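Asks: Line by line, the protein sequences are chains A and B.
Quick note: the first sequence uses the working numbering, first residue 1, plus one each step.
Quick note: the second sequence uses the working numbering, first residue 194, plus one each step.
Backbone N, C-alpha and C define an ideal beta-carbon position, used for all residues, glycine too.
Note that the coordinates shown come from a computational prediction; the quantities given were computed from them, not determined experimentally.
Following this message is one structure expressed as structure tokens.
Number of protein chains: 2
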Amino acid sequence: MAGRPKIFDEQKAWDNATNLFWEKGFDATSTDELIRTMGLQRGSFYHSFGSKKDLFMNAFTRYETLAFDELRRQLKASKKPMNVIKSIFYDLAKCSIEEHNKGCFAGNTITALSNIDAELTEIANNHLKRMENIFFEQIKASQKTGELTTTTDARLLSFSLINLWNGINITRKVYTSQEDLKALVDFQLAVLI
Amino acid sequence: MAGRPKIFDEQKAWDNATNLFWEKGFDATSTDELIRTMGLQRGSFYHSFGSKKDLFMNAFTRYETLAFDELRRQLKASKKPMNVIKSIFYDLAKCSIEEHNKGCFAGNTITALSNIDAELTEIANNHLKRMENIFFEQIKASQKTGELTTTTDARLLSFSLINLWNGINITRKVYTSQEDLKALVDFQLAVLI
DNA sequence: TCTATTTTTGACTAATTAGTACAAAATTAA
DNA sequence: TTAATTTTGTACTAATTAGTCAAAAATAGA
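As structure tokens, then:
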């Protein structure tokens, strides 16, 4: 396999594209800005990444894989995996204003595109469903091991958690106080006993 | 005051513009589509409504006034005003898929524009803060009258309610089952005793 | 060195965007 | 009837949009 070698940093190009899409959303991110941010030329962009939509889908999938692999690794490694899940929410509360404004990549996408692009909406929908399912599986497991003593239905708890996730990712854009957000998380996670 | 009278229905023009912005968001709504939907001509549009952004701001304010006036009226008229607040959430759970996909006008706006347009984001932020404050005032009042017996801090409860609102308005786009959403609302509103 | 393969480069297109200009038509008060 | 006022309709602009294309450049292997 010969050919002129790529001169841009592929990992960084993906990271920068993901970050830009996450911050500004699919529609408000122009190809011009993507190309600049990713550090390549117009032709190379379309040659290497297909189209703006292709890039978004692949960037999202890459982000999802990285995030879930890491979460599953942490859950497996922990002796109290429910604490890993709880810390997901406490981490949100600790974010800076810039991070607050980024919000949830999936939630942002669904909100912006649910009446615009069915394909991208479905990808983001599936992400949240997978996340809820990770919560569900862990809650069920922790109820078996005794880490959790609550007898509340695991599905209801996981559904409530994904809803908490969705809520905080908007609420923290409006209310940036870390103490207030922490108090909210305390209050909401009190059911996980 | 002389002058040629308007031939388009002003109320309906506002309603249609609001609805379109609500469904598709500020950026994804083009002036072409606005003009068509509002039933007027390009010249009349800019003459009567200024600019796309002016129209959005005025449409949002009009929507906000209508919604909050109605809510305050209901709270005043009811003997159990906390039931009015509870029904806000149960009503969300009962929506059709199309209504689910519309979501919250304010939440949509914040999500789409928080890194794009500070002015429109602030208007939508204030809307959610006002809503949370209506919750707060009512909870405080109902704790005094005895309608609520819980001693949980009124601010924490109202904060939790606005977060529930934000969450459900995304969650219901992903999980459209009315029973599941009702169960979530039941579970979350159990603190209002 | 030659060749096949791949990437880079930058100018190009066609469509869409928000907004403007302005004359003609319509309406009403005086 | 007329002067004042407003809407209408349409052609226009300037900027931005996503995406295309062909030629030049760089490599590995024969």
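#1: Just the Cα atoms here: how many angstroms apart are Phe136 (chain A) and Lys129 (chain A)?
#2: Consult DSSP for Asn101 (chain A) and reduce its assignment to one of helix, strand or coil.
#3: Tell me which residues of the segment 165–181 of chain A have at least one Cβ-Cβ distance to chain B shorter than 7 Å, keeping chain order.
#4: Against chain A, with Cβ distances strictly below 8 Å, would Gln204 (chain B) count as a contact?
#5: For the candidate residues A:Trp22, A:Leu40, A:Leu75 and A:Glu10, whose alpha-carbon lies nearest to that of Phe56 (chain A)?
#6: Rounded to whole angstroms, what's the CA-CA distance from Lys333 (chain B) to Glu10 (chain A)? Just pull it up for me.
#7: Run the CB neighbour count on Leu66 (chain A), radius 10 Å, all protein chains shown included, and call it buried at 16 or more, exposed below.
#8: Taking only the alpha-carbon atoms, compute the straight-line gap between Ala13 (chain A) and Asn101 (chain A) and give it to the nearest angstrom.
#9: Determine the DSSP secondary structure at Ser353 (chain B), reduced to helix, strand or coil.
#10: Identify the contact partners of Leu349 (chain B) in chain A, using a Cβ-Cβ distance below 7 Å as the criterion.
#11: Would you check if there are 3 or more beta carbon pairs closer than 8 Å linking the segment 353–373 of chain B to the segment 277–289 of chain B?
#12: Report the residue from B:Gln234, B:Asp310 and B:Gln381 whose alpha carbon sits nearest the alpha carbon of Ile361 (chain B).
#13: Name the residues in the segment 106–134 of chain A whose C-beta lies less than 7 Å from a C-beta of chain B; which are they?
#14: What are the boundary residues of the alpha helix (DSSP H) that Asn276 (chain B) is part of?
#15: Please compile the residues from chain A whose C-beta is within a distance smaller than 7 Å of the C-beta of Asp247 (chain B).
#16: Mind pulling the chain A residues with CB within less than 7 Å of Ile355 (chain B)?
Replies: Result, derived from the coordinates:
#1: About 10 Å.
#2: Note: Asn101 (chain A) maps to helix in three-state DSSP.
#3: Listed by position along the chain: Asn166, Gly167, Ile168, Ile170, Thr171, Lys173, Val174 and Asp180.
#4: Judged by the 8 Å Cβ criterion, Gln204 (chain B) is not in contact with chain A.
#5: Nearest neighbour of Phe56 (chain A) by Cα position, chosen from A:Trp22, A:Leu40, A:Leu75 and A:Glu10, turns out to be A:Trp22.
#6: Cα-Cα distance, rounded: 56 Å.
#7: Flag for Leu66 (chain A) reads exposed.
#8: If I take the Cα positions, the gap works out to 22 Å.
#9: Secondary structure of Ser353 (chain B) (DSSP, three-state): helix.
#10: Going along chain A in sequence order, the residues near Leu349 (chain B) (Cβ under 7 Å) are Ala183 and Phe187.
#11: The segment 353–373 of chain B makes contact with the segment 277–289 of chain B: 3 or more CB pairs, one atom from each, lie closer than 8 Å.
#12: Closest by alpha carbon: B:Gln381.
#13: Cβ contacts with chain B come from Gly107, Asn108, Ile110, Thr111, Ala112, Ser114, Asn115, Ile116, Asn125, Leu128 and Lys129.
#14: Here the alpha helix (DSSP H) through Asn276 (chain B) covers Pro274 to Ala286.
#15: Under the 7 Å cutoff, chain A gives no residues; its nearest Cβ is about 20 Å from Asp247 (chain B).
#16: Those are Thr171, listed as they occur along chain A.
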